[in-house]
Ligand SMILES: Nc1ncnc2c1ncn2[C@@H]1O[C@H](COP(=O)(O)OP(=O)(O)OP(=O)(O)O)[C@@H](O)[C@H]1O
Ligand SMILES: [Mg+2]
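In the working numbering, the protein residues as written are 1 to 368.
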């Protein structure tokens, strides 16, 4: 069991700063997920915890002991990669036992630990097969089994499910959640997949260009994103962002409007790196699930026209063009009826809306 603490952790490859000072406490038994766009440093940070990547500065501690210079094998950490890295010429049993064999464990110890891992992962019937006789999900279980038998204090997973198809990914996601529950182990998990992040994590760390944008429980990040980046990253379909002008503002909130939005008071202030004032253009964030469309033109504060209705079964997603030309997405339960071309107005609870100061970097990337 282990608590892992990162203090101002930095990593540079030559002159390129890849991890720019990360502070994070991973509590004993916690499931922490790193998310963020490709290249933001998720794998690098995980590899620094594993000891596979040198730390340029800052400290990494496990159970209060600084381990910056400790060899990977001495950290009591096991890592599971996206590519399973299992040996094709060995049986499943030999693959799972591999680390124990290298460490010179007795046959009795190997048998006991391997059988226990097989039981936990429900692969007792697969133990004498070779990897070529397994499905992708079963191979990934072998890789996880190999980590389990080492009885690590911390499990690290780097996108372990991204090579699997959607159905298998869901099964394995549940298995990893169950494994965490059964072993009560500390786990750090990297993924691109926000559903994996939301469902597995006790705590999500959102990374961007080597810096932490926000740390919190899944629902905390969902309901209280600290900036435009986090708001746009979590939630499906993504949050809508409208450019609006602040017409009034006090300590408790502000009134905003634009060409398609009647003045509405939002009981919060714009969040983000910079301060905002009356007259500024900010982003109004509205989750697709919190918009209520109506064909009565007087019933809402936002006005637009239906462009497309997409039926997903459990949800119907309606694309709208607002009267100022902005696109907006609304997510409705099951088979709501809104035919193409229909004029609608939309209402929303102001307390469920978010305001953010603009993010120049995000706007630059959105144009490309
Ligand atoms: N050995 C290296 N030398 C130089 N730059 C590197 C090295 N390893 C990684 N990088 C750079 O560090 C940055 C972070 O890489 P990293 O692999 O941690 O990203 P990631 O968040 O895991 O991305 P992905 O989601 O695509 O796996 C990238 O810009 C990458 O090009
Ligand atoms: Mg990676």
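Every residue gets a Cβ at the ideal spot worked out from N, C-alpha and C, and that includes glycine. These figures come from a predicted structure and were not determined experimentally.
Same chain, Cβ closer than 6 Å to residue i, five either side skipped, listed in chain order
{"i": "residue 144", "result": "80"}
{"i": "residue 157", "result": "80, 189"}
Residue i in three-state terms, based on DSSP
{"i": "residue 293", "result": "strand"}
{"i": "residue 224", "result": "coil"}
{"i": "residue 231", "result": "helix"}
{"i": "residue 89", "result": "coil"}
{"i": "residue 34", "result": "strand"}
{"i": "residue 212", "result": "strand"}
{"i": "residue 182", "result": "helix"}
{"i": "residue 27", "result": "coil"}
{"i": "residue 311", "result": "strand"}
{"i": "residue 368", "result": "The predicted position of residue 368 is uncertain, since its pLDDT is 44 and thus under 50; no value can be drawn from it."}
{"i": "residue 280", "result": "coil"}
{"i": "residue 199", "result": "helix"}
{"i": "residue 125", "result": "helix"}
{"i": "residue 14", "result": "coil"}
{"i": "residue 359", "result": "coil"}
{"i": "residue 331", "result": "strand"}
{"i": "residue 245", "result": "strand"}
{"i": "residue 348", "result": "coil"}
{"i": "residue 69", "result": "coil"}
{"i": "residue 151", "result": "coil"}
{"i": "residue 98", "result": "helix"}
{"i": "residue 369", "result": "The first residue shown for the chain is 1 and the last is 368, placing residue 369 beyond what the model contains."}
{"i": "residue 61", "result": "strand"}
{"i": "residue 55", "result": "coil"}
{"i": "residue 164", "result": "coil"}
Classification of residue i by the beta-carbon crowding that lies within 10 angstroms, buried from 16 upward
{"i": "residue 367", "result": "Legend: pLDDT at residue 367 = 44, less than 50; position of this residue unreliable, no value from coordinates given."}
{"i": "residue 186", "result": "buried"}
{"i": "residue 87", "result": "exposed"}
{"i": "residue 4", "result": "buried"}
{"i": "residue 354", "result": "buried"}
{"i": "residue 169", "result": "buried"}
{"i": "residue 214", "result": "buried"}
{"i": "residue 9", "result": "buried"}
{"i": "residue 102", "result": "exposed"}
Proximity below 7 Å, CB of residue i to CB of residue j
{"i": "residue 76", "j": "residue 152", "result": "yes"}
{"i": "residue 37", "j": "residue 51", "result": "no"}
{"i": "residue 201", "j": "residue 31", "result": "yes"}
{"i": "residue 318", "j": "residue 326", "result": "no"}
{"i": "residue 278", "j": "residue 239", "result": "no"}
{"i": "residue 284", "j": "residue 306", "result": "no"}
{"i": "residue 110", "j": "residue 100", "result": "yes"}
{"i": "residue 146", "j": "residue 123", "result": "no"}
{"i": "residue 267", "j": "residue 276", "result": "no"}
{"i": "residue 41", "j": "residue 207", "result": "yes"}
Own chain, CB closer than 7 Å to residue i, minus 5 neighbours either side, in chain order
{"i": "residue 235", "result": "222, 287"}
{"i": "residue 59", "result": "7, 66, 68"}
{"i": "residue 180", "result": "31, 187"}
{"i": "residue 299", "result": "345, 347"}
{"i": "residue 173", "result": "161, 196, 199, 200"}
{"i": "residue 331", "result": "237, 288, 289, 315, 317"}
Contacts around residue i, its chain only, beta-carbon distance under 8 Å, and the 5 residues preceding and following it disregarded
{"i": "residue 89", "result": "130"}
{"i": "residue 402", "result": "Here the chain covers residues 1 to 368 and nothing more, so residue 402 does not appear."}
{"i": "residue 128", "result": "91, 92, 93"}
{"i": "residue 29", "result": "1, 184, 185, 186"}
Heavy atoms of ligand 2 versus C-beta positions, residues under 7 Å: Qualifying residues come out as 42, 43, 158, 159, 190.
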